[in-house]
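Asker: Residue numbers (my numbering), protein chains in the order written: chain A, 1 to 200; chain B, 201 to 400. Pasting a structure here, questions to come.
2 protein chains.
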Amino acid sequence: MTGAGTRDTVTSHAVLDTALTLFAERGYHGTALSQIAEALEVRTPSLYNHMRSKQELLQTIVADTVRGVLDDFHAATEGRIEPVDRLYHAVLVYARRHATHRREAIVVNRDTSSLEEPFRSQMQALRREHEHALRAIISDGVAAGRFAVDSPALASFAIREMCVSIARWYQDDGPIGPEQVAREYTEFALDIVGLGRIGS
Amino acid sequence: MTGAGTRDTVTSHAVLDTALTLFAERGYHGTALSQIAEALEVRTPSLYNHMRSKQELLQTIVADTVRGVLDDFHAATEGRIEPVDRLYHAVLVYARRHATHRREAIVVNRDTSSLEEPFRSQMQALRREHEHALRAIISDGVAAGRFAVDSPALASFAIREMCVSIARWYQDDGPIGPEQVAREYTEFALDIVGLGRIGS
DNA sequence: CTCGCTCCCTAGCGAGCGTTAGTCAGTGGG
DNA sequence: CCCACTGACTAACGCTCGCTAGGGAGCGAG
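Take a look at the structure:
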């Protein structure tokens, strides 16, 4: 029926994956479809059997990633009430994701501006949702006397972007695993909101 | 002699400045020379009276910025011996620079990969110089018992990238000035290296 | 006034881009 | 065994890119 058969062929997933790698490496505008095709050992027009356009590739990557971040966040924080507990798990999954999904993170953070409207605005709204949710945890923690920061907005920016940047230096074949990085960075986050100064 | 006269004309500095703005907005590959020309109210080929190539614009931006970061660092740390003192001032100038030179920071961090070799490698080497210098301060502080971190490398990555990201959210017309942001972020950096846990 | 320089202009080159049309070989189902 | 279909191919489209060539207007210096 939907047979890929034994013939040498290419799947939609393979196209998306290769695009992801190249977009992360050279950026959306810096990557030509001919390069994606070459990496798949196929002629450029053949890509159109597996996608609608170059822009659609970027949209799929961004949408999937942003959705994943939000799902992660809710799964990690739901049922937890203590601000320390909520922040701990929110940062843990966020940091871990940036070690395990490096390419996605790089593309989303660099090339969201290359998305066509109105898709771009929709994605930015979703990103702000996560940003506001994290900031709310910090604000709640300050109000409850568990955290000590002058500006929850600044602290939440610092924590978020610190995690995002993991994608820029982390190496899969390095000496340190995603879980370990995530834990260390979560420690940093708790330091930033002043847990070390207050004492847990 | 080198007269711009009273005629409506354009300077090399204006071209570089407009390129900087547009590169920061849409990226190097996402910006066409025609867009730079349009912003300057000039036809595209006229740009070549003030530059040699599009690539040269990027090289100038990156070189000037990287050089500035390194100069800042040395000016801020020279003569200081105490790790806390050195880290404090190193982070202060680094964070401040990313609030006052947002466009430069965005371009350097996003588009260094669009530099042609061997220039790209040279710039990356200079960037690593700053990275290693900051890491050395942390390592020294740990050895001296002033800081407490498991991995100086991780802490230095976190601090650096946290500062870099200021460029991505800071607004010149916002309620908070560069100096204030820099001070807050320097506090965060000291938290990360464990000053809050040890006590100053 | 005139010479020479600066700098913008129009015209156009060659290359590469994303994308479409139309063809055909190989494959699995009946 | 044949037929329909998937998915690769070649050819070519219109467009935009970075960049060059060559001409001409405005300016300061003498």
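The beta carbon of each residue, even a glycine, is placed where N, CA and C say it ideally should be. All values derive from a computational prediction rather than experimental measurement.
How many Å lie between tryptophan 369 (chain B) and phenylalanine 157 (chain A) at the Cα?
Answerer: 8 Å
Asker: Can the beta-carbon of arginine 127 (chain A) be found less than 9 Å from the beta-carbon of proline 152 (chain A)?
Answerer: no
Asker: With a cut-off of 8 Å on the beta carbons, I'd call valine 393 (chain B) and alanine 355 (chain B) a contact; round off their distance for me.
Answerer: Yes, they are in contact, since the Cβ atoms of valine 393 (chain B) and alanine 355 (chain B) sit about 6 Å apart, within 8 Å.
Asker: Counting only C-beta atoms, is histidine 229 (chain B) closer than 9 Å to chain A at any point?
Answerer: yes
Asker: Report yes if the CB atom of histidine 50 (chain A) is closer than 9 Å to the CB atom of valine 108 (chain A), and no otherwise.
Answerer: no
Asker: Would glycine 194 (chain A) count as contacting chain B if we go by Cβ distances under 9 Å?
Answerer: yes
Asker: According to the Cβ coordinates, are leucine 16 (chain A) and glutamine 55 (chain A) closer than 9 Å?
Answerer: no
Asker: Short of 6 Å in beta carbon distance, which residues of its chain neighbour alanine 219 (chain B), apart from the five on each side in sequence? Order them along the chain.
Answerer: Ile236, Leu257
Asker: Can you list, in chain order, the stretches of the alpha helix (DSSP H) that have 4 or more residues and sit fully within the segment 224-291 of chain B?
Answerer: 233-239, 254-277
Asker: Using a Cβ cut-off of 9 Å (strictly closer), state whether leucine 33 (chain A) contacts chain B.
Answerer: Contact of leucine 33 (chain A) with chain B is not assigned, every C-beta pair being separated by 9 Å or more.
Asker: Using DSSP with H/G/I as helix, E/B as strand and the rest coil, what is threonine 2 (chain A)?
Answerer: In this prediction, threonine 2 (chain A) scores a pLDDT of 47, lower than 50, which makes its location untrustworthy; no coordinate-derived value is stated.
Asker: Look at the Cβ atom of alanine 182 (chain A), then the Cβ atom of leucine 87 (chain A), and state whether they are nearer than 9 Å.
Answerer: no
Asker: Quick one: give me the first and last residue of the alpha helix (DSSP H) that isoleucine 359 (chain B) is part of.
Answerer: 352-364
Asker: Quick check: the Cα distance between glutamate 384 (chain B) and serine 34 (chain A), rounded to an integer number of angstroms?
Answerer: Glutamate 384 (chain B) and serine 34 (chain A): Cα-Cα distance of roughly 47 Å.
Asker: Note down, in chain order, every chain B residue with its Cβ under 8 Å from the Cβ of alanine 158 (chain A).
Answerer: Met362, Ser365, Tyr385, Phe388
Asker: Please name the residue, chosen from B:Asp285, B:Ala263, B:Val291, that lies closest to arginine 320 (chain B) on a Cα-to-Cα basis.
Answerer: B:Ala263
Asker: Quick check: is the beta carbon of valine 284 (chain B) nearer than 9 Å to any beta carbon in chain A?
Answerer: For valine 284 (chain B), the answer is no, since every Cβ of chain A falls outside 9 Å of its Cβ.
Asker: Would you mind working out which of A:Ala14, A:Ile138, A:Gln59, A:Thr31 sits nearest valine 91 (chain A), comparing C-alpha positions?
Answerer: The candidate whose alpha carbon is nearest that of valine 91 (chain A) is A:Ile138.
Asker: Do the CB positions of serine 165 (chain A) and arginine 360 (chain B) come within less than 9 Å of each other?
Answerer: yes
Asker: Which residues bound the alpha helix (DSSP H) around isoleucine 192 (chain A)?
Answerer: 178-192
Asker: Of the residues B:Asp340, B:Glu241, B:Phe273, which one's Cα is nearest the Cα of proline 283 (chain B)?
Answerer: B:Asp340
Asker: To the nearest angstrom, how far is it from the Cα of arginine 43 (chain A) to the Cα of histidine 29 (chain A)?
Answerer: 20 Å
Asker: Quick one: grab the DSSP three-state call for leucine 126 (chain A).
Answerer: helix
Asker: Does the CB of serine 321 (chain B) have a neighbour CB from chain A at under 9 Å?
Answerer: Serine 321 (chain B) does not count as touching chain A.
Asker: Serine 314 (chain B) touches chain A at which residues, Cβ-Cβ below 7 Å?
Answerer: Gly30
Asker: Can you grab the Cα-Cα spacing for the pair methionine 1 (chain A) / isoleucine 176 (chain A), in whole Å?
Answerer: Its pLDDT being 48, under 50, methionine 1 (chain A) is placed unreliably by the model, and the measurement read from it follows with that caveat. Between methionine 1 (chain A) and isoleucine 176 (chain A), the C-alpha separation is close to 45 Å.
Asker: Are the CB atoms of alanine 232 (chain B) and alanine 299 (chain B) nearer to each other than 9 Å?
Answerer: no
Asker: So with Cβ pairs under 9 Å, would you call valine 108 (chain A) a contact of chain B?
Answerer: no
Asker: Should arginine 146 (chain A) be flagged as near chain B, meaning a C-beta pair shorter than 9 Å?
Answerer: no
Asker: Out of B:Ala325, B:Phe347, B:Arg303, which has the shortest C-alpha to C-alpha gap to glutamine 371 (chain B)?
Answerer: B:Arg303
Asker: Give the range of the alpha helix (DSSP H) segment to which glutamate 304 (chain B) is assigned.
Answerer: 302-311
Asker: Any beta carbon from chain B within less than 9 Å of glycine 177 (chain A)'s own beta carbon?
Answerer: No, because no Cβ of chain B sits closer than 9 Å to the Cβ of glycine 177 (chain A).
Asker: Strictly below 8 Å CB to CB, what residues from chain B border serine 53 (chain A)?
Answerer: Counting only Cβ-Cβ distances below 8 Å, serine 53 (chain A) has no contacts in chain B at all, with the closest Cβ about 17 Å away.
Asker: Nearest-angstrom Cα distance between leucine 240 (chain B) and threonine 260 (chain B)?
Answerer: The straight-line gap separating the alpha-carbon atoms of leucine 240 (chain B) and threonine 260 (chain B) is approximately 19 Å.
Asker: Could you say which of B:Glu329, B:Ala305, B:His330, B:His289 lies nearest to threonine 221 (chain B) if we only look at CA atoms?
Answerer: B:Ala305
Asker: Assign arginine 346 (chain B) to one of three DSSP states: helix, strand, or coil.
Answerer: coil
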